[in-house]
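Structure, as structure tokens:
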Amino acid sequence: MVLIYPLAIYLLALVLAMTACAQKQPMKLRLTNLSHLNSLYEEININGQPMAIIHIYSEYPDYKWVDAGNEGIACVDDAARAAVVYLRHFEVTGDTASLRRGRRLIDFCRFMQAEDGLFYNFIFADHAINRDGQTSFKSLGWWAARGVWAMGEGCRIFQKRDQEYAAQLQRHIQKTFAHLDTLLANYPRMDSLAGFPIPRWLLYNSAADATSELVLGLAAYYRATNDPQVKTYLEKFGEAFVAMQLGDENSFPFGVILSWQNIWHGWANGQTQALATIAKLVQRDNFLAVAKREAEFFFPYLQKEDFPREMQFARDGDQIRATKTEHYSQIAYALRPMIVGALRVAESTNDPRFAELAADLTQWFFGKNVAQAQMYDPKTGRGFDGILSEKEINRNAGAESTIEALYSILEVEANPVARQKLYERMEGME
2 MVLIYPLAIY
12 LLALVLAMTA
22 CAQKQPMKLR
32 LTNLSHLNSL
42 YEEININGQP
52 MAIIHIYSEY
62 PDYKWVDAGN
72 EGIACVDDAA
82 RAAVVYLRHF
92 EVTGDTASLR
102 RGRRLIDFCR
112 FMQAEDGLFY
122 NFIFADHAIN
132 RDGQTSFKSL
142 GWWAARGVWA
152 MGEGCRIFQK
162 RDQEYAAQLQ
172 RHIQKTFAHL
182 DTLLANYPRM
192 DSLAGFPIPR
202 WLLYNSAADA
212 TSELVLGLAA
222 YYRATNDPQV
232 KTYLEKFGEA
242 FVAMQLGDEN
252 SFPFGVILSW
262 QNIWHGWANG
272 QTQALATIAK
282 LVQRDNFLAV
292 AKREAEFFFP
302 YLQKEDFPRE
312 MQFARDGDQI
322 RATKTEHYSQ
332 IAYALRPMIV
342 GALRVAESTN
352 DPRFAELAAD
362 LTQWFFGKNV
372 AQAQMYDPKT
382 GRGFDGILSE
392 KEINRNAGAE
402 STIEALYSIL
412 EVEANPVARQ
422 KLYERMEGME
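Converting from the sequence shown to our numbering requires adding 1 to each position, the first position being numbered 1.
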């Protein structure tokens, strides 16, 4: 990270303070373009219930819809994250079309939740639920976490706009509480793997990555309700993330928060975003300290190493080493947790260095990457599906890559310091 002298920090902080009110007003965005995401969006009706889906794949060169084979045509995984983007876009720009789309996608997530609170993931072309597929069976896992995330943001956004609808979403989220209680019955059990403590009260026994998206939804729900039960959930999940941090400023791996077991991977590793989001909500300064440590030391390390995809760690006495490192593929879903995580740290600490870091990380989408390739096209709104090597990229523009690219860039443009720095640096790249 580039060092900034105290006077510069003060001036940048002053800019943040002076623009805080302006930031809340609707704004026009230079880079965030929802056109391609809108092309993947389709409104449907199932048993008289209006809702919307996001088509999963979109392939070069014509970028038409492509189904996911035997899995189905659409899933909660993508609909939920698209809903988060649409709702945030409404907050930033005041675009009521985005509010409507976000609501329709949340309605799909509601449809995919079973009465017992668990979630299915995929629907087929005839709109029947895929109940048995390996990536769709009823569970409390990835798609449930993302469904709760979308519903939580819906609770927060609609609390002042449609209280009846917000109350419906609250009831859907509350259906998961019995399952969260069962999961958290393992608190504070810790196992050990490769010399590292492994909390057993996370999704999939140790999946901090999946749980981070659940936490984002619960945090939004808590902001709308002040439910003390959910505060306890946030505290316990946050403690697990804290336990999974390795290293510090001076020791490898420089504050990384493990994704699960003894592995870090970039995609979905949103623990810093989650910790910085909930730290003030639950009044836990150590949560913010852990988030700040990863953002300040591990994120720049990843930049320096050209954004490896995955690392596996082992402990030898007091030393930690990487036993395996994979570099490809590099995807938007690995950049978003860092970019938005750094922004949440900036907001929680009032330290503009982290907003500048977010702007720097965002340049990955505009050619500052190992392939020197543009991975997001602001003219079309397409987020490309990944860097495969120094010489090859995947030019398909599926839902996940487009959603994660848009979420990253939208949040940067919504932050005055990050926005200014990104625009300046992009002009310097031309």
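Ideal Cβ placement from N, Cα and C applies to all residues, glycine included.
Cβ neighbours of residue i in the same chain (closer than 6 Å, five flanking residues each side left out)
i, result
"residue 27", "94, 95"
"residue 73", "123, 124, 125, 131"
"residue 69", "57"
"residue 111", "173"
"residue 374", "394"
"residue 346", "277, 292, 293, 296, 355"
"residue 236", "283"
"residue 372", "388, 391, 394"
"residue 211", "143, 146, 204"
"residue 397", "60, 61, 386"
"residue 87", "99, 102, 103"
"residue 137", "121, 122, 123, 131"
"residue 324", "313, 315"
"residue 341", "274, 412"
Buried versus exposed, by CB contacts within 10 Å (16 or more), residue i
i, result
"residue 274", "buried"
"residue 127", "exposed"
"residue 387", "buried"
"residue 108", "buried"
"residue 59", "buried"
"residue 370", "buried"
"residue 99", "buried"
"residue 61", "exposed"
"residue 287", "exposed"
"residue 23", "Confidence in residue 23 is poor, its pLDDT being 43 and thus under 50, which makes the residue's placement too unreliable to answer from."
"residue 154", "buried"
"residue 318", "exposed"
"residue 263", "buried"
"residue 97", "exposed"
"residue 49", "exposed"
"residue 363", "buried"
"residue 418", "buried"
"residue 207", "buried"
"residue 230", "exposed"
"residue 352", "buried"
"residue 252", "exposed"
"residue 420", "buried"
"residue 220", "buried"
"residue 71", "exposed"
"residue 135", "exposed"
"residue 75", "buried"
"residue 331", "buried"
Contacting residues, own chain, Cβ-Cβ under 7 Å from residue i (five flanking each side not counted)
i, result
"residue 401", "79, 334"
"residue 379", "32, 34"
"residue 399", "57, 58, 59, 386"
"residue 427", "367"
Under 9 Å between C-beta atoms of residue i and residue j
i, j, result
"residue 82", "residue 414", "no"
"residue 179", "residue 84", "no"
"residue 339", "residue 326", "no"
"residue 89", "residue 411", "yes"
"residue 382", "residue 376", "no"
"residue 272", "residue 292", "yes"
"residue 389", "residue 329", "yes"
"residue 197", "residue 308", "no"
"residue 158", "residue 91", "yes"
"residue 368", "residue 310", "no"
"residue 350", "residue 289", "yes"
"residue 269", "residue 245", "no"
"residue 348", "residue 416", "yes"
Nearest-angstrom beta carbon gap, residue j and residue i [assumed within contact, 8 Å]
i, j, result
"residue 224", "residue 181", "At roughly 18 Å, the Cβ-Cβ gap does not stay under 8 Å, so residue 224 and residue 181 are not in contact."
"residue 52", "residue 102", "That belief does not hold up - the Cβ atoms of residue 52 and residue 102 are roughly 11 Å apart, past 8 Å."
"residue 261", "residue 205", "7 Å"
"residue 177", "residue 149", "6 Å"
"residue 423", "residue 360", "4 Å"
"residue 336", "residue 409", "6 Å"
"residue 55", "residue 42", "6 Å"
"residue 38", "residue 403", "5 Å"
"residue 160", "residue 167", "5 Å"
"residue 77", "residue 113", "5 Å"
Contacting residues, own chain, Cβ-Cβ under 8 Å from residue i (five flanking each side not counted)
i, result
"residue 46", "52"
"residue 171", "156, 222, 225, 226"
"residue 249", "255, 256, 294, 298"
"residue 285", "236, 239, 279"
Can you confirm whether the stretch 190–201 touches the stretch 134–142 when touching is taken to mean that 3 or more C-beta pairs between the two stretches lie within less than 8 Å? Look at the beta carbons and you see the stretch 134–142 not touching the stretch 190–201: under three pairs across the two are nearer than 8 Å.
With three or more beta-carbon pairs closer than 8 Å as the criterion, would you say the stretch 210–224 touches the stretch 278–296? Output reads yes: the stretch 278–296 touches the stretch 210–224.
Is there contact here, the stretch 234–251 with the stretch 180–189, by at least three beta-carbon pairs under 8 Å? By the Cβ criterion, the stretch 234–251 is in contact with the stretch 180–189, since at least three pairs of Cβ atoms, one from each stretch, lie closer than 8 Å.
Determine, using beta-carbon pairs with one atom in the stretch 297–312 and one in the stretch 241–259, whether at least three such pairs fall under 8 Å. In this structure the stretch 297–312 lies against the stretch 241–259, because at least three pairs of beta carbons, one per stretch, are closer than 8 Å.
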